[in-house]
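Residue numbers (our numbering): 766 to 1157.
For each residue, glycine too, the CB sits at the ideal point set by N, CA and C.
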Ligand SMILES: [Zn+2]
């Protein structure tokens, strides 16, 4: 599965890797025995990592899911998705296809089921991001915009197309137009995504290069590399700040959230700089190798500890990824791992959480049950969930 396919699956209708395949068929009995053995060894692996989690700490009150694979053909599909998200315990939701095709229906169904609705905003500009010349031959990260397994800068998220440069006047103008639209449609909030760099550290288009030179020149006491990274980070923060300030000016009650993506390698957990109400920072990404529990604990604690370092109203919301279909079957996390990841987040004292992707979660009944149990949903409804056919 190449990275471009990953990205096109997030927002487009062309989830090519599913191709309408029946992903989950009834399993023969003996498979359950094998699954049992696998779970036994997984538990041993968890014990070996020696993470102690309590089972009674739970401050979570804002619980968001993102959706981009459930079918979305009519009001019935939308009702199904929203109700199941509610059964899993979520109370906030973004659904790319629903906002594109049936936004009023999505808002109305969310309101009916006491689910906050979020309109996703991705940067849009005539100017595309540019890599450094040497990066044209860099490998594509196996983590699809997540943190590469090693800490080195030296990966790109794709070579097939460049994302828009968000450090442009038209990018801010376009985002504000989307904010107007979302508020007019009655969405409870906006959710920013894809505000990051193709090479995980900076844009080298002509205008960014000029602005970077000016920045370095105006910071003579700062090492050039440090100034370069600070400039890149400030570009991200400025984009968020302009969009969030505009949204709050138009409608003070509108809520703001984000999913930090692609990762920014010079300062991975920079989310506390962003003036959003609920800041989604990755603490456990989708793909193998699954992150060690120690790392999930460390990241979760930082996300929570630093949530008000710069913005008193912000709530740090650790973000967990779960994929299990098509080309990602090999990346499926066990239900027990999902429980452990959520409990680590609860133990960190998080008041909010984000878990994606809804269609993949619902396709795994054991994982769905764990979420319903851990997020105070309705575990008894999970047995009635029909495995959804993912959108093509
Ligand atoms: Zn640029």
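Residues of its chain near residue 807, where Cβ-Cβ distance is below 8 angstroms and the 5 sequence neighbours each way are ignored: With a pLDDT of 46 at residue 807, under the threshold of 50, the modelled position of this residue cannot be trusted, and the question is left open.
Proximity test, residue 932 beta-carbon vs ligand 1 heavy atom, cut-off 6 angstroms: yes
Whole-number beta carbon distance between residue 1059 and residue 1088, since they are thought to touch under 8 angstroms: About 22 angstroms; that fails the 8 angstroms criterion.
Nearest-angstrom Cα separation, counted from residue 943 out to residue 1004: 14 angstroms
From 980, 1117 and 1113, residue whose alpha carbon lies closest to that of residue 858: 1117
Reduced DSSP secondary structure (H/G/I, E/B, other) of residue 933: coil
Beta-carbon gap between residue 912 and residue 870 smaller than 7 angstroms: no
Entirely enclosed beta strand (DSSP E) segments - the region 942-1016, minimum 3 residues: 954-957
Distance cut-off 6 angstroms: residue 970 Cβ against heavy atoms of ligand 1: yes
Nearest candidate by alpha-carbon position, reference residue 958, set 1012, 935, 1027 and 1097: 1027
Residues that DSSP places opposite residue 919 in a beta bridge: Answer is none; residue 919 lacks a bridge partner.
Closest Cα partner of residue 1109 within the set 1065, 1133, 1131 and 1077: 1065
Backbone secondary structure at residue 829 - three-state DSSP: strand
Unbroken beta strand (DSSP E) run spanning residue 1081, endpoints: 1080-1086
Residue 924 - DSSP class collapsed to helix/strand/coil: coil
Sequence-distant residues of the same chain with beta carbon closer than 6 angstroms to residue 1193, five excluded per side: Because the chain here runs from 766 to 1157, residue 1193 falls outside it and cannot be looked at.
Neighbourhood of residue 816 by C-beta distance below 8 angstroms, restricted to the same chain and skipping five residues each side: 1058, 1059, 1062, 1105 and 1109
The region 928-937 in contact with the region 860-868 per 3-pair CB rule at 8 angstroms: no
Residue 837 CB to nearest heavy atom of ligand 1 below 6 angstroms: no
heavy atom of ligand 1 below 6 angstroms from residue 973 C-beta: yes
Contact belief for residue 1124 with residue 852 at Cβ below 8 angstroms, rounded distance in angstroms: The pair is not a contact, with the Cβ atoms about 14 angstroms apart (cut-off 8 angstroms).
Residue 882 (DSSP reduced to helix, strand or coil): strand
Cα-Cα separation, residue 1072 to residue 1084: 14 angstroms
Exposure label - residue 1113; buried when at least 16 CB within 10 Å: buried
Boundaries (first-last residue) of the beta strand (DSSP E) holding residue 1043: 1043-1049
Rounded straight-line distance, which links the Cα of residue 977 to that of residue 1029: 17 angstroms
Proximity winner among 947, 880 and 827, relative to residue 845 (alpha-carbon distances): 880
Boundaries of the beta strand (DSSP E) in which residue 1092 is found, first to last residue: Segment: none, residue 1092 is in no beta strand (DSSP E) and carries neither H nor E.
DSSP three-state assignment for residue 807, whether helix, strand or coil: Residue placement at residue 807 cannot be trusted, given a pLDDT of 46 that sits under 50; the coordinates are not used to answer.
Residue 1051 beta carbon less than 7 angstroms from that of residue 1092: no
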